[in-house]
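Input: a single structure, listed below in structure tokens.
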Amino acid sequence: MPVIAVIGGQWGDEAKGKLVDLLAEQAKLVVRFSGGDNAGHTVINPFGEFKLHLIPSGIFYPQVKCIISNGVVINPAVLIDEIAKLNERGVTTDNLFISDRANLVMPYHLLLDGLEEEARGGKAIGTTRKGIGPAFTDKVARLGIRVGDLLDKEVLLERLRFALNYKNAILTKVYGAEPLSLDGIYQQYCQYGERLAPYICETTIILEEAVSRDDLILLEGAQGTLLDPDFGTYPYTTSSSPLAAGGCLGTGLGPTQIDRILGVFKAYSTRVGEGPLPTELKDKTGDLIRERAHEYGTTTGRPRRCGWFDAVAARFSTRINGFTDAAITRLDILDTLPSLKICVGYELGGKRINYFPASVAALEKCQPVYEELPGWQSPTTDIREPKDLPSEARQYLNRLEELIACPISLVAVGAKREQIIELRPLP
Ligand code: IMP
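When you read off a place in the sequence shown, starting at 1, and then add 8, the result is the number in the numbering used here.
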């Protein structure tokens with residue numbers, strides 16, 4: 009049984025949670041490996057509709073172990089609330105394990121996220137303001153406080169005192185804000201530690217055991233490739249790597265241990281927050297996609313920007329992740345459109361280019377070069393067999409497959425678990 013990484017191929021919100029929820033039925037382990045509660049995974053299954061931010065989408069199967077691994081930054085208040093909400097609705101979290109190496113989101117991270125955004129003025133990133141950037145900054149600056157520190161109150165106090173001295177200086181001297189109280193945060197985080205203690209452990213051992221038993225393991229990506237701090241639209245990116253490679257660093261698995269990498273793409277493009285989206289539609293078609301698909305952020309409720317499928321960006325995504333399979337989600341959203349466009353290149357400074365430029369300034373000047381295909385104008389939501397797809401939908405999928413240079417294994421035609429068409433077996 010393989011290790012499969014489920015990775016967002018675009019700017020996040022590709023409906024990865026739905027696929028993980030589906031694939032988890034056969035899995036033994038599901039691992040969230042990057043980001044934090046900036047992510048929002050909507051899952052609709054027999055338990056109802058859930059919006060998960062930190063807990064892996066495999067949690068609905070009690071036999072599946074779910075890990076929040078070292079690569080995630082955890083806001084304990086959010087996690088405790090998520091656990092409580094699941095439990096209230098009859099979903100057990102006894103199968104949840106939290107890495108003692110994961111860094112914590114602290115109250116000053118939340119404050120600084122907002123203050124830094126405001127200081128950027130017109131150049132704000134449009135972050136989710138969940139403190140994610142400042143928490144990852146502290147991790148690499150070696151100022152972070154880790155989940156394991158919650159289990160030793162002396163260590164927690166020492167690390168917090170050190171970090172807070174520094175943070176309070178920034179809050180007061182740079183931003184003119186009020187300092188935070190050491191005792192208040194310490195007491196609160198001690199309580200969080202007591203509540204989370206049963207879940208905290210060395211998660212790499214659970215992974216190692218599952219790998220040696222040849223269990224099916226899912227690595228659940230958060231955000232999307234084009235929000236990666238190295239390869240995305242920097243600086244309009246997030247702060248940890250949503251790439252398949254991030255699935256190694258964020259879990260402790262070696263690169264040779266990942267067998268399949270499933271790139272998840274929506275049948276069109278969306279982005280929430282600032283930064284370039286070359287195929288953005290600021291017209292009726294964009295509005296129609298947004299409303300039909302209810303494209304509003306799971307975490308912040310912000311309207312998502314919508315546009316045509318960008319195959320230049322998608323091919324880049326395939327290359328830097330090494331996708332072995334692709335999934336196309338939300339195909340049904342395009343059901344009513346008379347024709348569809350796919351971006352197959354960009355025009356930059358009068359020249360045609362076929363690559364995704366590193367520079368945001370260049371990307372903002374790129375004019376998409378489109379290919380137009382006929383729409384199918386019939387509902388696909390009840391289709392389960394590839395042979396029942398309208399020929400225009402098949403044509404659209406075949407063209408996407410060629411352009412993104414990766415075989416399409418799954419096509420989602422609705423939010424529910426069963427609304428999926430399997431073109432090739434996975435796993
Ligand atoms: P941050 O991750 O909150 O710092 O936000 C940085 C950028 O990533 C902003 O453009 C956010 O809108 C975007 N972002 C972060 N998490 C997600 C997500 O789960 N889906 C889509 N966009 C996200």
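In this text, a Cβ means the ideal position worked out from N, Cα and C, and glycines have one as well.
Contacting residues, own chain, Cβ-Cβ under 8 Å from residue 154 (five flanking each side not counted): 108, 109, 110, 111, 112
Distance cut-off 7 Å: residue 66 Cβ against heavy atoms of ligand 1: no
Cross-strand partners of residue 351 (DSSP beta bridge): 318, 378
Cβ neighbours of residue 401 in the same chain (closer than 7 Å, five flanking residues each side left out): 339, 384, 388
Buried/exposed call for residue 335, threshold 16 Cβ in 10 Å: So residue 335 counts as buried.
Closest by C-alpha distance to residue 361, when choosing among 66, 132, 309, 374: 374
Candidates 227, 341, 326: closest to residue 316 by CA position: 341
Where residue 193 sits in the DSSP three-state scheme: DSSP places residue 193 within a helical segment (H, G or I) once states are collapsed to three.
Bounding residues of the beta strand (DSSP E) (the contiguous stretch that carries residue 333): 333 to 337
With 16 other Cβ atoms within 10 Å as the buried cut-off, status of residue 238: exposed
Beta-carbon gap between residue 320 and residue 276 smaller than 8 Å: no
Option in 128, 19, 248 with minimal Cα separation from residue 3: What the structure shows of the chain is the stretch from 9 to 435, and residue 3 is not part of that stretch, so it cannot be assessed.
Under the three-state DSSP convention, the category residue 302 falls into: coil
Unbroken alpha helix (DSSP H) run spanning residue 256, endpoints: 254 to 257
Check: residue 136 C-beta below 7 Å from any heavy atom of ligand 1: Checking every heavy atom of ligand 1 against the Cβ of residue 136, one is found closer than 7 Å.
Cβ neighbour criterion (16 or more within 10 Å) applied to residue 92: exposed
Strand pairing of residue 16, partner residues [DSSP]: According to DSSP, residue 16 bridges with 272.
Whole-angstrom C-beta distance between residue 278 and residue 323, which should lie under 8 Å: Rounded, the Cβ-Cβ distance is 18 Å, inconsistent with contact.
Best match in 432, 19, 114, 66 for proximity to residue 140 [C-alpha to C-alpha]: Closest by alpha carbon: 114.
Neighbour flag for residue 184 against chain C, beta carbons, 8 Å: Chain labels in this structure do not include chain C; a single protein chain is all it has.
Cβ-heavy atom distance, residue 235 to ligand 1, below 7 Å: Of the heavy atoms belonging to ligand 1, at least one sits nearer than 7 Å to the Cβ of residue 235.
Heavy atom of ligand 1 within 7 Å of residue 301 beta-carbon: Here the distance from the Cβ of residue 301 to the nearest heavy atom of ligand 1 is not below 7 Å.
From 69, 72, 76, 71, residue whose alpha carbon lies closest to that of residue 63: Nearest C-alpha to residue 63: 76.
Neighbourhood of residue 214 by C-beta distance below 8 Å, restricted to the same chain and skipping five residues each side: Answer for residue 214: 37, 73, 75, 105, listed in chain order.
Within the segment 117 to 185, ranges of the alpha helix (DSSP H) (whole runs, at least 4 residues): The qualifying runs are 140 to 148, 161 to 177.
Burial state of residue 22 (16 or more Cβ within 10 Å): Buried, because 16 or more other Cβ atoms sit within 10 Å of the Cβ of residue 22.
Contacting residues, own chain, Cβ-Cβ under 6 Å from residue 331 (five flanking each side not counted): 269, 271, 414
Whole-angstrom C-beta distance between residue 31 and residue 226, which should lie under 8 Å: 6 Å
Given 8 Å, three or more beta-carbon pairs between the segment 292 to 302 and the segment 181 to 200: no
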